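Step one of this worksheet: look at the structure below.
Numbering (the numbering used here), first residue to last: 943 to 1122.
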């Protein structure tokens, strides 16, 4: 690769991208601009309000009605991360059970899971909460012994080889994307 990739090694893990635009290609950026032109400032603000309200509803439901889990921090916006506080509930197994129900959550390291709420989550929030409650019960009653989710976020800090080696691996991967 002639131009070096964009890497940030000290944000709780390694983030590498082939460009400054990150994981967002130009078509997505142009589409976002078009949507903003269509919905305007008020539409954008209403979208933000509904997404943040959804994230808060999920965080509150975890805190108030799922005693096996706890929310990491105090989510200020659209991402809710949670971990297990029950010795027989592996949060990565919970994530696996949520994947079986059609939810796409991300694993974190140390073991935790997060959901990034979007407009698609807003109308499905009650279903998400019910599925999460069922997934916790499933992981508690019939544990498999380990979750299969791969924790990529935070990998650089938690990896035995450290952020430097993980950063080199990420750069090599990006290089391979541009080789014919």
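The beta-carbon is built from N, C-alpha and C at its ideal position, and this holds for glycine as well. What you are looking at is a predicted structure, and each value in this text was computed from that prediction instead of being measured.
Assign residue i to buried or exposed, taking buried as 16 or more other Cβ atoms, counted over all protein chains shown, within 10 Å of its Cβ.
i            : result
residue 1072 : exposed
residue 1037 : buried
residue 1115 : exposed
residue 981  : exposed
residue 1001 : buried
residue 972  : exposed
residue 1109 : buried
Quick check on DSSP: helix, strand or coil for residue i?
i            : result
residue 1054 : strand
residue 1072 : helix
residue 1032 : coil
residue 1041 : helix
residue 1047 : coil
residue 1019 : coil
residue 1014 : coil
residue 1026 : strand
residue 978  : helix
residue 999  : helix
residue 1088 : coil
residue 1114 : helix
Distance, Cα to Cα, residue i vs residue j?
i            : j            : result
residue 1016 : residue 969  : 33 Å
residue 1089 : residue 978  : 39 Å
residue 1055 : residue 1043 : 15 Å
residue 1004 : residue 988  : 24 Å
residue 1112 : residue 1118 : 10 Å
residue 1081 : residue 1068 : 20 Å
residue 1019 : residue 1006 : 19 Å
residue 1065 : residue 992  : 10 Å
residue 976  : residue 983  : 13 Å
residue 943  : residue 1087 : Note on residue 943: pLDDT 43, under 50, position unreliable in the model; no value is reported.
residue 1074 : residue 1050 : 17 Å
residue 1045 : residue 1078 : 14 Å
Going by the beta-carbon positions, is the gap between residue i and residue j smaller than 8 Å?
i            : j            : result
residue 1040 : residue 1034 : no
residue 1053 : residue 1023 : no
Using a beta-carbon distance below 8 Å, is residue i in contact with chain C?
i            : result
residue 1004 : This model lacks chain C altogether; it includes just one protein chain.
| said: With three or more C-beta pairs closer than 8 Å as the rule, is the segment 1005–1012 touching the segment 1026–1038? | reply: By the C-beta criterion, the segment 1026–1038 is judged to be in contact with the segment 1005–1012, since at least 3 inter-stretch pairs fall below 8 Å.
At a cut of 8 Å, does the segment 990–1005 reach the segment 1054–1062 through at least three beta carbon pairs?
Output reads yes: the segment 1054–1062 touches the segment 990–1005.
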